[in-house]
Structure formats: structure tokens, C-alpha cells
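Novice: If you read the protein sequences in the order shown, they are chains G and S.
So for the first sequence, the numbering used here puts the first residue at 639; every next one is plus one.
So for the second sequence, the numbering used here puts the first residue at 82; every next one is plus one.
C-beta atoms are modelled at their ideal positions from N, C-alpha and C, and glycine is treated no differently.
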Amino acid sequence: MADEKSNAAAYWSANVRLITGCLIVWALVSYGFAILLRPLLSGIPVGGTDLGFWFAQQGSILTFIGIIFFYAWKMNKLDEKFGLGE
Amino acid sequence: MSQFAINLLFVGASFALYIGIAIWARAGSTKDFYVAGGGVHPITNGMATAADWMSAASFISMAGLLASGGYANSSFLMGWTGGYVILALLLAPYLRKFGKFTVPDFIGDRFYSTTARTVAVVCLIVASVTYVIGQMTGAGVAFSRFLEVSNTAGIWIAAVIVFLYAVFGGMKGITYTQVAQYVVLIIAYTIPAVFIAFQLTGNPIPMFGMFSTHSESGMPLLAKLSEVLVELGFRDYAADVSNKLNMVLFTLSLMVGTAGLPHVIIRFFTVPRVADARWSAGWALVFIALLYLTAPAVASMARLNLMTTVYPEAAGQVENYEEAMTNPIRYEDRPEWFRTWENTGLITFTDRNGDGMIQFYNDGNEAFAETAAERGWAGNELEVNNDILVLANPEIANLPPWVIGLIAAGGIAAALSTAAGLLLAISSAISHDLIKKTINPNITEKGEMLAARISMAGAILLATYLGLNPPGFAAQVVALAFGIAGASIFPALMMGIFSKRVNSKGAVTGMLAGLGATLVYIFTYLGWFFIPGTNMLANTPDNWILGISPLSFGAIGAIINFAVAFAVSKATEEPPQEIQDLVESVRYPKGAGTALDH
Chain G
639 MADEKSNAAA YWSANVRLIT GCLIVWALVS YGFAILLRPL LSGIPVGGTD LGFWFAQQGS
699 ILTFIGIIFF YAWKMNKLDE KFGLGE
Chain S
82 MSQFAINLLF VGASFALYIG IAIWARAGST KDFYVAGGGV HPITNGMATA ADWMSAASFI
142 SMAGLLASGG YANSSFLMGW TGGYVILALL LAPYLRKFGK FTVPDFIGDR FYSTTARTVA
202 VVCLIVASVT YVIGQMTGAG VAFSRFLEVS NTAGIWIAAV IVFLYAVFGG MKGITYTQVA
262 QYVVLIIAYT IPAVFIAFQL TGNPIPMFGM FSTHSESGMP LLAKLSEVLV ELGFRDYAAD
322 VSNKLNMVLF TLSLMVGTAG LPHVIIRFFT VPRVADARWS AGWALVFIAL LYLTAPAVAS
382 MARLNLMTTV YPEAAGQVEN YEEAMTNPIR YEDRPEWFRT WENTGLITFT DRNGDGMIQF
442 YNDGNEAFAE TAAERGWAGN ELEVNNDILV LANPEIANLP PWVIGLIAAG GIAAALSTAA
502 GLLLAISSAI SHDLIKKTIN PNITEKGEML AARISMAGAI LLATYLGLNP PGFAAQVVAL
562 AFGIAGASIF PALMMGIFSK RVNSKGAVTG MLAGLGATLV YIFTYLGWFF IPGTNMLANT
622 PDNWILGISP LSFGAIGAII NFAVAFAVSK ATEEPPQEIQ DLVESVRYPK GAGTALDH
């Protein structure tokens, strides 16, 4: 029982760590690159405009898709590793 | 065949398809009605979620907003897609594991309180109904334009169609009709975009064409667009915004609103396994992104096309625009599509300086006034409504009539699919959460189904009535729906999963505080219940607290919700042990299969 409990707790903290990492990337591409850090990236040209503009209208969306699939893949592996899958 | 007959053919054929699918997939038991038997594949579910999510606002107005605002309106793109990351990481898998039918089910059980359930039902109904009003209005506009009927008739036709397949099909009907609607709307959106991208840049993929070279001038397309706009006193297309706080908060509001909207969340109850809920959110975003990555290309290309239609000589110019700008087209030489849209009143021309030519520029820009005066211009002469951009796009690019028919079917599919999903969320909240769980627990399964159908019919009538007499601009109403969902439902769900300490008192006061603060801030600037003239302050950036627009306030409301819920929970008792065990069990996928068959 105690083992089961500490196993579950380890699974949950691994999940929370993974979520935190994913959300940092999520915030970095949208609130960071596309909005707040855009002036810093203005020197990098992308097809007639700058990198910040590209992140605002294309890059952030592409990154969001990547984050969700990465999380799903990683979580399925965690489910298996901790024996808590279906 | 006339354009009218072609539109009728396309819209009629797509309807026959949706209704046919709804009849084929008629729901049998209550569980089928709400969640399609829990047996929908993640890719199918992702496609249906995408159709559910992309409303008339995404299909018809978003590209117009991007075209007029340029970079500054990127919040719509990031906000309406980034919400899926929150949904996939913080909500969807756990709510699927919880294994009940509705959002108030979770809030009521997790916070062990009928009050919490009822507050959640109220938040859900207010958010959904406001959103449906916008859809009915949008469907009405699309019907009236393409079927050449009055706006009122258009809204009633929409109401009847939604009623038929939502009421008789239930969720299963909706899931498969929405897959069909997704296919129709994505084809309708991308085909004209591909043609236009190829015409302008030689690159047929819109999302790449947007960042490549404009064939006629040899300049990068976006640089070309900005140059033309600046020459006419408009804002540079890529110009940075000065109030970044507001842009951040607006994006955040749209994101948490996305994760809090009940008709999207309910989708994740319909997949077989917890792992599928995770994949489903990813697939939904893939299908949504197909449109959202194309929209900015449609926006920039349509804006450039519009400018070069008025100033034909500007298309091939580089740097020296003086001659091109003083030689716009003559009003009598305007193209055919221009005339068609003039009939709807959405494009208007007033010859202010009486020279018979169309001067289209920004007369609100004081720095540009001198140049305009030198050129003998007496004010902007052309008004173009943003919302016509996507619908007029194929006509501007001279595409064949069947493409226009396709756009008609696509726009209507977008509005109807979202309206149907929202109506399902409303009806299940009333029949399941309010009647079965609160008022009359002994209701039979048949009685519950009947109540669901009656409340759906009631919700359609209410939304149709409000769609005929909308309480404000569609964009304001939609933003309110997002603010309500983001400030009330999202924080309660998230705390219910990630904190064992938040108790019923905390959740109820948090939801009420978040909802209340958001409504008060919005009504202060837009009028109480949107009644014109009842606002206490003028809706201008100078009056906004820290420059935060009422549209961005949902994010602040969500923060207030979290803060109040934690403070109140801290000061009161811990939740009972069985609730802490429930939170624990929601966190692990193991045993999800049995949870659904309760």
C-alpha cells in the first residue's frame, strides 16, 4: 500500500514537472517571442518582416501543436513506466 | 446557371449531407445522446472539435480583423489556438478520467455542493447563450447574402436546421455531422486562398506565399503591403503595439476562455481512453491550425488586393508611389465584385472632392493630412466592412462561381456547427445538471431525454430571438462569452484537479468573484446588460484601468477567482477525505474504463 502510494506520488510529480516545462515553452513563444521580446528579435528578418511577427502569426501555433503531441507521447510513456495506464 | 442557383445547390447539397448523417446516427440511450457512447476515435473527435470550435467568427470575421489590424490583432490567432495547450495539459485527460457527462457534474461532485453545481450551470448557460446569439446572427447574414433572402428569414432558416439535427441526433449525430462540416468548411476556406497565393506570389501554399516575393513588384509581399499602406497614411501592417500589457491580457483571456468553454470541454468526454483525450486535443489543434495558419495569409493578400484594385499602378511600383497614388481607378471603372457588394451596403463610396476617382486613405492620421491636401484629397471616400473580406475574396480574385458557392456552404457550416455544439451543452446542463441532479432525481431516462430536447428547443428559440435583436456588436458579445467562461469555469476546473485543499466555499466564492468582477468591468464601459447609454465611463483607452480593455478583462477575472478561492479555502475547513481521494483518483488514468459505465 505504502509502495503504491509513493509510486502514485512520484508519477504525479513527474507529470507536474512535465506540464511546467511545456507551459514555459508555451509562454515563451506566444507572450515572449511574439509580444514582449519582439523588439529584441526585430533584427532577424523573415520574408519581408521580422521573427516576432512570424511567431505571432505562424510560429506560436506550430509550436502549440508540437507541445500537445510531445506531452501526449511523454505521458503515455509515464503511464506505462509507473504502471498507472489503462 | 446563375450564381444564385449555384449557391443554392452547394448549400442545399451540404445540408442534405448533414441531415442524412444525423438521421443515420440517431441516438438511442441517454449516454449516446450526450457522449456518443464514449466510442469516438481521437482523429474523428479532433475533427468534430475543430468544427465545433471554428465558428462564424473564425471563418468570416477573423481574417478581416487581421487585415485591418495587422500584427496588433495577432492575439486572436494565438489566443484561440493556445487555449488548446491549456486544455490538453491541465483539463482534458483528468475530466475524461472523472468520467461523467458534463462540466457542472465535475464541479458539483468535486466541490460536494449543489450550490457549486448550480453556480456552474448558471456560468455555463450565460456563456453559451451569449455565444449562440453571435452564431445565429452570423448564420443569418450568410444565408441572407447567398440565398438572397432577408436577414430575418435567414436567421429562421438557420434555427430550423439547427433544431432538426441537434434535437433528433444528440451528440452522436452532431459528432459525425460536424466531421462533414469540418471537411466542407476547410475546403471552402483553403481553395480560394491557394488560388490567390499563387496569383500574387507564384507559391500555392498560402502560409509560405505570405512570406515570399510579390511577383509584380519583386518585393517581399509583407514589405510591399506595409509600403503601400504607409504611403496612404495607414498603420504599417507589421507595426508593434505600444500597450503590451493589454495585448498579453487579451491573448490570455482568449486562451483561458477557450479552455473554459463547455461545448469544447464536453468533447473530451467522448473518447474511449484517457490517453485518447490527450491525443484528441492535439488532433483538434492540427485541424484548427489548417484554418488559423491560412487566415493571416488570406488577410494580408486580400488587403493588398484591395489596395491595388483601388490604386492599380501601385502594384508594380517600388519606392516612388507619388504617381500611382494620384491615379486611383475611376468610380465608373470599378470591378464587378465591387458593384455586387455595394448593393449590400457593406462597401460605400462618397465622392468628396468630386473628381470621379476613388481616394482610399487614412484621413484620421494628422501627420498625413498635409500630403492628402497637396494631392487635392478631401477625405477618405471608400468604406469597406471588414466582415466581407473572406466572402468577397473569391470574387476579388476572379475565381469561378462554384468557389463562391463553396464559400457560402462553408460559412454556414461554421456558424451552424458551433451553434449546435453550444445548444447541446446548454440542454445537458438543464436536463442533466439542473433537473436530474437537483430538482427531480427520480426522473426516468426517457423523461431526461425529453427534458433535454425541450430545453434545446427553448434555447434555440431564445437565441433566435436575441439573434434577431442582438444586444450589441457580435465581437463584443463573443468576447463577453470568453470572459465569462475564462473567469468562472476554467479556474474552478483547474483548482478542482490540481489542489486538494480548495473546498466548496472557496470554489463558490471564487467563481462568483471572477464572474462578478468581469461583468462589472465590461458593463462599466459597454453599458449594463449592453443597453446603450447605461455605461458609466466612455469606452476609450484613456478611461481603461492601466489601459486594459474590457475585452481583455477575463484574464484578470480568472486571477481574482484563483486568489479568492485560495484565500477562502485557507480560512475554512479542509475538504472531506473522500473528496481528497476523488482528486487523487482523477489524476491517474488507471481504471478509467469502469468510471464511464457508472
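Opposite T183 of chain S in the DSSP bridges: which residues?
Specialist: Within the DSSP secondary-structure output, T183 of chain S pairs in no beta bridge.
Novice: Ordered along the chain, which non-local residues of its own chain (more than five positions away) have a Cβ less than 8 Å from that of V309 of chain S?
Specialist: L385, M388, T389, Y392, A395, Y402
Novice: Cα-Cα, which of G:G681, G:Y669, G:N714, G:K643 is closest to F702 of chain G?
Specialist: For F702 of chain G, the closest of G:G681, G:Y669, G:N714, G:K643 by C-alpha to C-alpha distance is G:Y669.
Novice: Around the C-beta of G299 of chain S, are 16 or more other C-beta atoms found within 10 angstroms, so that it is buried, or is it exposed?
Specialist: exposed
Novice: Who are the near neighbours of A647 of chain G in its chain, counting only those whose CB is closer than 6 Å to its CB and skipping five residues on each side?
Specialist: none
Novice: Would a check of beta-carbon distances place L666 of chain G closer than 9 Å to chain S?
Specialist: For L666 of chain G, not one C-beta of chain S is nearer than 9 Å to its own C-beta.
Novice: Once you ignore the five residues that flank T368 of chain S on each side, which residues in its own chain have a CB closer than 7 Å to its CB?
Specialist: As written in the sequence, residue 368 of chain S is Phe, which differs from the Thr given in the question. Around F368 of chain S: G127, M128, A131, Y263.
Novice: Measuring CB atoms only, is the stretch 439–455 of chain S touching the stretch 473–488 of chain S, in the sense that at least three cross pairs come out at less than 8 Å?
Specialist: no
Novice: Within the same chain, show all residues whose beta-carbon is closer than 8 Å to that of I87 of chain S, passing over the 5 residues directly before and after it, in chain order.
Specialist: P482, W483, I485, G486
Novice: Return helix, strand or coil for D514 of chain S, following the three-state DSSP convention.
Specialist: Helix at D514 of chain S.
Novice: Within the same chain, show all residues whose beta-carbon is closer than 7 Å to that of M617 of chain S, passing over the 5 residues directly before and after it, in chain order.
Specialist: Result list for M617 of chain S: T605, in chain order.
Novice: Please report the Cβ distance between P657 of chain S and Y193 of chain S, rounded to the nearest whole angstrom; I am assuming they are in contact, meaning their Cβ atoms lie under 8 Å.
Specialist: P657 of chain S to Y193 of chain S, Cβ: 7 Å. Contact.
Novice: Please determine, among S:I268, S:V121, S:G672, the residue with the shortest C-alpha to C-alpha distance to Y257 of chain S.
Specialist: S:V121
Novice: Below 7 Å on C-beta distance, what does W360 of chain S contact in chain G?
Specialist: Near W360 of chain S (Cβ distances below 7 Å), the residues of chain G are A710.
Novice: Could you give the residue range of the alpha helix (DSSP H) that holds F91 of chain S?
Specialist: 84–105
Novice: If distances are taken between C-alpha atoms only, which option among S:N642, S:M537, S:N584 comes closest to Q661 of chain S?
Specialist: S:N584
Novice: Considering only their Cβ atoms, is the gap separating L342 of chain S from Y212 of chain S smaller than 9 Å?
Specialist: yes
Novice: Which partner residues of L463 of chain S appear in the DSSP bridge assignment?
Specialist: Beta-bridge pairing links L463 of chain S to S:F430.
Novice: Which residue wins for smallest C-alpha separation from Y546 of chain S, given the options S:F563, S:A639, S:G235, S:M143?
Specialist: S:G235
Novice: State the CB to CB distance for the pair E462 of chain S and W418 of chain S, rounded to an integer number of angstroms; the pair is presumed to be in contact (CB under 8 Å).
Specialist: E462 of chain S to W418 of chain S, Cβ: 18 Å. No contact.
Novice: Does L147 of chain S get closer than 9 Å to chain G when you measure Cβ to Cβ?
Specialist: yes
Novice: Can you list the residues of chain G that V367 of chain S reaches, using a CB-CB cut of under 7 Å?
Specialist: I703
Novice: Under 8 Å Cβ-Cβ, which residues of chain G neighbour R354 of chain S?
Specialist: E724, listed in chain order.
Novice: Check whether the stretch 505–519 of chain S touches the stretch 223–242 of chain S, counting contact only when three or more Cβ pairs, one atom from each stretch, lie closer than 8 Å.
Specialist: no
Novice: May I have a chain-ordered list of the alpha helix (DSSP H) segments no shorter than 4 residues that lie completely inside the stretch 385–420 of chain S?
Specialist: Runs of the alpha helix (DSSP H) lying entirely within the stretch 385–420 of chain S, each at least 4 residues long, are 403–406 in chain order.
Novice: Can you pull the chain G residues whose beta carbon is under 7 Å from the beta carbon of Y373 of chain S, in chain order?
Specialist: Neighbours of Y373 of chain S on chain G, chain order: I699.
Novice: Pick helix, strand or coil for D641 of chain G, following the three-state DSSP scheme.
Specialist: Of the three classes helix, strand and coil, the one that applies to D641 of chain G here is helix, per DSSP.
Novice: For I640 of chain S, which of S:H344, S:A598, S:I272 has the nearest alpha-carbon?
Specialist: S:A598
Novice: Count the other CB atoms, across all protein chains shown, that sit within 10 Å of the CB of L677 of chain S; report buried if there are 16 or more and exposed otherwise.
Specialist: Confidence is the limiting factor: at L677 of chain S the pLDDT is only 43, short of 50, which leaves the residue's position unreliable, though a coordinate-based value still follows. L677 of chain S is buried by the Cβ-count criterion.
Novice: Figure out for me which residue from S:W422, S:G426, S:Q440, S:E423 has the closest Cα to the Cα of A405 of chain S.
Specialist: S:Q440
Novice: For the stretch 119–144 of chain S, which residues have a CB atom closer than 7 Å to at least one CB atom of chain G, in sequence order?
Specialist: In summary, no residue of the stretch 119–144 of chain S has a CB separated from any CB of chain G by less than 7 Å.
Novice: Hey, does P174 of chain S have any beta-carbon neighbour from chain G nearer than 9 Å?
Specialist: yes
Novice: Distance, Cα to Cα, Y175 of chain S vs F289 of chain S?
Specialist: 37 Å
Novice: Of all the residues that make up the stretch 326–349 of chain S, which are near chain G by a beta-carbon distance shorter than 7 Å?
Specialist: M328, V329, T332
Novice: Give the straight-line distance between the Cα atoms of A370 of chain S and S83 of chain S, rounded to the nearest whole angstrom.
Specialist: 34 Å
Novice: Do we get a CB-CB distance below 9 Å when we pair I662 of chain G with the residues of chain S?
Specialist: Cβ-Cβ to chain S under 9 Å: no for I662 of chain G.
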